[in-house]
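Asks:
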Amino acid sequence: MHRKPSSTNADPLIQEHRSIQSYLKALELVMDRAEARLILQEVRVMAEQQLNLQKGVRGQDKNKWRRFVEDACFRWPVFAQFERAFPLKKYVVCLVQANQRRQKQQRYVDGPRVAGRTKNPSRLHPATKISHNVADQPSQANTSSEARTSSAGSNPHSRNKQMDDIKSKSLGHHAEAESATGATQSSLVSSIASSSFVTLSGASNESVATSNGSASNDEIMLFLRSLQPALHHCLPALKYVGISSGAQLTALRTWSPRQREKFFRELVLGGTITRFECEVILNALDGEMD
């Protein structure tokens, strides 16, 4: 019984891809590294223009998806030449899923309590029973005596008021617990990452207070856009952990590679940035020191 010949030699590219980085390594087998990076970056820009990356994979329009694949294969023949070894559709799926993770990360950074207040304010502020006639309100002594002496069905008004008071207290306690939990989660990354940033940056933070905010943002944005691939979407995450000015970015460059790696690994563990984004930023900062 003869074995089927292996299909791995049919195409020079690898057969299985699980991350965006693996697609880059696959293209490097048939072209220059810089050219492969440029092509994948242009594919990403083209996907942002033709597809709706705000939706998931199942939410994409099938006709637009098909036209995008056809246009990409026509513009870059390497995708059509190695269609089986480099499935362009799966690569775009990786892009869409990565964008979904960034959106989820951004919602986590903004804080779940803000969305909760705008969607349903009554959950955090339960309604209380209001009486328009103050004379009809029973005193505290009368209410407590009625609760002790009356039976379950003798005074329905008093019984309903007691139930409303119990519900209001329990809902208020639940809202306070939700607020405390949300505050703890939103401050988890800040307490880990920004504390180490302040400790290591030292005196450079003093000059940050007097720097221009828009100019600082522009400097950080230029740095993020210069990365391969560009990570300009990470600007809110860096500002959230305390890197919000050019002086702080300069201080970050003065750290040792081990200090930078420890700092950004904590951001990955806290969910502020992804592992791939961490590797891109670290490689860029380490390359500046070479």
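The opening residue of the sequence shown carries number 1 in the UniProt record's numbering; numbering runs sequentially from there. Built from N, CA and C at the ideal position, the CB exists for glycine as well.
(1) Ordered along the chain, which non-local residues of its own chain (more than five positions away) have a Cβ less than 7 Å from that of Val69?
(2) Val189 by DSSP, collapsed to three states: which one?
(3) Do you know how far the Cα of Leu222 is from the Cα of Ala230?
(4) Tell me which same chain residues have a C-beta within less than 6 Å of the C-beta of Arg37, skipping the five on either side of it?
(5) Got a sec, what are the start and stop residues for the alpha helix (DSSP H) Gly270 sits in?
(6) Near Leu27, what residues of its chain come up, given a Cβ to Cβ distance below 6 Å and the 5 sequence neighbours on each side ignored?
(7) Does the segment 49 to 59 come close enough to the segment 92 to 99 to have 3 or more Cβ pairs within less than 8 Å?
(8) When you compare the CB positions of Gln105 and Gly56, do they come within less than 8 Å of one another, or not?
(9) Counting along the chain, where does the alpha helix (DSSP H) carrying Pro236 start and finish?
(10) Here's a check: name, in chain order, each residue in its chain whose Cβ is nearer than 7 Å to the Cβ of Leu238, leaving out the five neighbours to either side.
(11) Just to check, is the beta-carbon of Cys94 closer than 7 Å to a non-hydrogen atom of the ligand FMN?
(12) In or out: Leu269 buried (at least 16 other Cβ within 10 Å) or exposed?
(13) Which of the three DSSP states is assigned to Ala230 in this structure?
(14) Look at the alpha carbon of Phe264 and the alpha carbon of Ala34, and state the distance between them as a whole number of angstroms.
(15) Since Leu249 and Arg260 are thought to touch, with beta carbons under 8 Å apart, how far apart are those beta carbons, to the nearest angstrom?
(16) Express the C-alpha separation of Ala284 and Ser226 in angstroms, rounding to a whole number.
(17) Considering Cα atoms alone, identify which of His232, Val43, Ser22 is closest to Arg75.
(18) Within this structure, are the beta carbons of Val45 and Thr272 separated by less than 8 Å?
(19) Would DSSP call Ser244 helix, strand or coil?
Replies: According to the data block:
(1) Position 69 of the sequence shown holds residue 69. Excluding sequence neighbours, Val69 sits near Leu88, Lys89.
(2) Position 189 of the sequence shown holds residue 189. In this predicted model, Val189 has a pLDDT of only 43, less than 50, meaning its place in the structure is not dependable; the value taken from the coordinates is given anyway. Three-state result, Val189: helix.
(3) The count along the sequence shown starts at 1 and reaches residue 230 at position 230. The count along the sequence shown starts at 1 and reaches residue 222 at position 222. Per the coordinates, the alpha-carbon of Ala230 lies some 10 Å from the alpha-carbon of Leu222.
(4) For the purposes of this step, residue 37 is taken as residue 37 along the sequence shown, with counting starting at 1. Once the five neighbours on either side are set aside, the close Cβ partners of Arg37 are Gln228.
(5) Sequence index remark: in the sequence shown, residue 270 carries index 270 (1-based). Run containing Gly270: 257 to 270, per the alpha helix (DSSP H) assignment.
(6) Translated into positions along the sequence shown, residue 27 becomes position 27. Excluding residues within five positions, the ones whose Cβ falls inside 6 Å are Ala36.
(7) yes
(8) Taking the sequence shown and counting its residues from 1, one reaches residue 105 at position 105. Taking the sequence shown and counting its residues from 1, one reaches residue 56 at position 56. Cβ atoms of Gln105 and Gly56: not closer than 8 Å.
(9) Taking the first residue of the sequence shown as 1, we reach residue 236 at position 236. Element bounds for Pro236: 235 to 240.
(10) As a working mapping, residue 238 is identified with position 238 in the sequence shown. Answer for Leu238: Ile220, listed in chain order.
(11) Ligands are entirely absent from the displayed structure, and the ligand FMN is therefore not among its contents.
(12) Here residue 269 refers to the residue found at position 269 of the sequence shown. Exposed: under 16 other Cβ atoms inside 10 Å.
(13) For the purposes of this step, residue 230 is taken as the residue at position 230 of the sequence shown. DSSP places Ala230 in coil when its eight states are reduced to three.
(14) Against the sequence shown, residue 264 aligns to sequence position 264. Against the sequence shown, residue 34 aligns to sequence position 34. Whole-angstrom Cα-Cα distance: 25 Å.
(15) Taking the first residue of the sequence shown as position 1, residue 249 is located at position 249. Taking the first residue of the sequence shown as position 1, residue 260 is located at position 260. The pair is not a contact, with the Cβ atoms about 12 Å apart (cut-off 8 Å).
(16) Taking the sequence shown and counting its residues from 1, the one referred to as residue 226 is at position 226. Taking the sequence shown and counting its residues from 1, the one referred to as residue 284 is at position 284. When rounded, the distance between both Cα atoms is 9 Å.
(17) Position 75 of the sequence shown, counting from 1, holds the residue named residue 75. When each option's Cα is compared against that of Arg75, the closest is Val43.
(18) As a position in the sequence shown, residue 45 is number 45, starting the count at 1. As a position in the sequence shown, residue 272 is number 272, starting the count at 1. It is not a contact, given that the beta carbons lie outside the stated cut-off.
(19) Residue 244 sits at position 244 when you count from the first residue of the sequence shown. Coil, per DSSP.
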